[in-house]
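Encoded as structure tokens, the structure appears first; notes follow it.
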Amino acid sequence: MVTGDSPGFSKGSQPPPETNEPRRLYSMRFCPFSQRARLALNFKELSYDVVNIDLRDKPDWYFAKNPLGKVPMLEEKGNDKGIFESLIIAEYLDDNYHAKNPLLPTDNPLKRAQQKMLVEVITSKITDGWHALMLNEDEEKKAVLGKNLDYIEELAAKELQKTFFGGENVGFIDLMIWPWFERLPAVEKFRGVPFNAERHPKLTAWCAKMRDHPQIKTSIYPTELHLQYFQTRNFNVGL
């Protein structure tokens with residue numbers, strides 16, 4: 001079962017009760033940015049609970065916690081201010097709990113910067129028109145995503161020299177780009193954007209390794225459930 005598989009809180013709801021866990025993540029089940037935070041927490045083997053937010057009808061109490069009203073946001077006991085934005089959360093967790101499954105190098109600022117830049121490049125390419133394409137059939141946006149996936153495949157041919165972008169072990173790049181690649185089989189079924197081993201051999205081989213990783217499995221939804229979400233835009237689908 002995916003961590004935090006529960007209905008979302010919406011406008012008019014009361015805030016959730018205090019948690020017994022040391023951390024609480026405000027999330028949305030199908031949000032790839034929220035999945036980044038769940039992946040980082042799972043990879044660090046940190047205990048937490050999840051409060052899902054209805055992003056179309058957000059509760060007023062959530063804006064008191066996060067003025068942007070966005071997810072993900074992480075709260076930790078002993079810290080009266082939440083941490084929001086997915087990359088900031090992941091980097092904070094890696095810095096604060098670095099000994100357990102380190103993600104970013106601490107002894108090489110250039111390599112650290114290069115990894116973060118690669119995340120930015122891949123994310124910007126794969127999200128270019130993503131949301132608009134999920135809402136409406138758009139041949140132009142479909143062509144852009146297909147072209148950008150081909151570009152990322154060429155990039156992977158240079159950057160993915162070992163099993164993962166992080167080397168022989170999963171690293172920061174792998175975790176931060178994975179949520180969109182998890183959804184690509186559903187996108188292919190939903191909008192016909194090609195993503196396959198013949199056209200994207202490096203990326204599909206990497207995806208197979210990622211899907212098989214024990215700490216990543218705990219955040220993965222089946223392709224059919226992602227497809228149901230794309231079709232219905234129902235945050236609580238499948239519950």
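Residue numbers (UniProt numbering): 1 to 239. All residues carry an ideal CB built from backbone N, CA and C; glycine is no exception.
Apply the 10 Å Cβ neighbour rule to residue i and answer buried if 16 or more other Cβ atoms are within range, or exposed otherwise.
i             : result
glycine 12    : exposed
proline 109   : exposed
alanine 37    : buried
lysine 81     : exposed
glutamine 14  : exposed
isoleucine 88 : exposed
serine 219    : buried
Taking the alpha-carbon of residue i as reference, which of the options has the nearest alpha-carbon?
i                : options                       : result
serine 10        : Leu55, Glu120, Pro32          : Leu55
aspartate 57     : Lys81, Gly69, Trp130          : Gly69
glycine 146      : Asp128, Thr163, Leu160        : Asp128
isoleucine 177   : Glu45, Lys116, Leu93          : Lys116
glutamate 224    : Pro72, Leu203, Ala197, Pro185 : Pro185
tyrosine 48      : Arg24, Cys31, Ser124          : Arg24
glutamate 198    : Glu153, Thr232, Phe164        : Glu153
phenylalanine 63 : Leu46, Val193, Arg191, Phe84  : Phe84
asparagine 20    : Leu39, Val2, Val50            : Val50
leucine 41       : Glu91, Lys65, Asn52           : Glu91
For the alpha helix (DSSP H) containing residue i, list its first residue and its last residue.
i                 : result
glutamate 224     : 223 to 232
arginine 112      : 109 to 127
glutamine 215     : 214 to 217
glycine 146       : 139 to 159
threonine 204     : 201 to 211
alanine 186       : 172 to 191
phenylalanine 195 : Per DSSP, phenylalanine 195 belongs to no alpha helix (DSSP H) and is neither H nor E.
phenylalanine 63  : 60 to 65
Provide the residue span of the beta strand (DSSP E) that contains residue i, from first to last.
i           : result
residue 253 : Because the chain spans 1 through 239 in this model, residue 253 falls outside it and cannot be assessed.
tyrosine 52 : Note that residue 52 corresponds to asparagine in the displayed sequence, not to tyrosine. Here the beta strand (DSSP E) through asparagine 52 covers 49 to 52.
tyrosine 26 : 23 to 27
In the DSSP assignment, what residue or residues form a beta bridge with residue i?
i                 : result
phenylalanine 164 : Gly167
isoleucine 83     : Leu74
phenylalanine 9   : Ile53
Exercise for the section: Check whether the region 119 to 132 touches the region 72 to 79, counting contact only when three or more Cβ pairs, one atom from each stretch, lie closer than 8 Å. Expected result: no
Practice task
Evaluate contact between the region 169 to 176 and the region 217 to 237, counting only Cβ atoms and requiring at least three cross-stretch pairs below 8 Å.
Solution key: no
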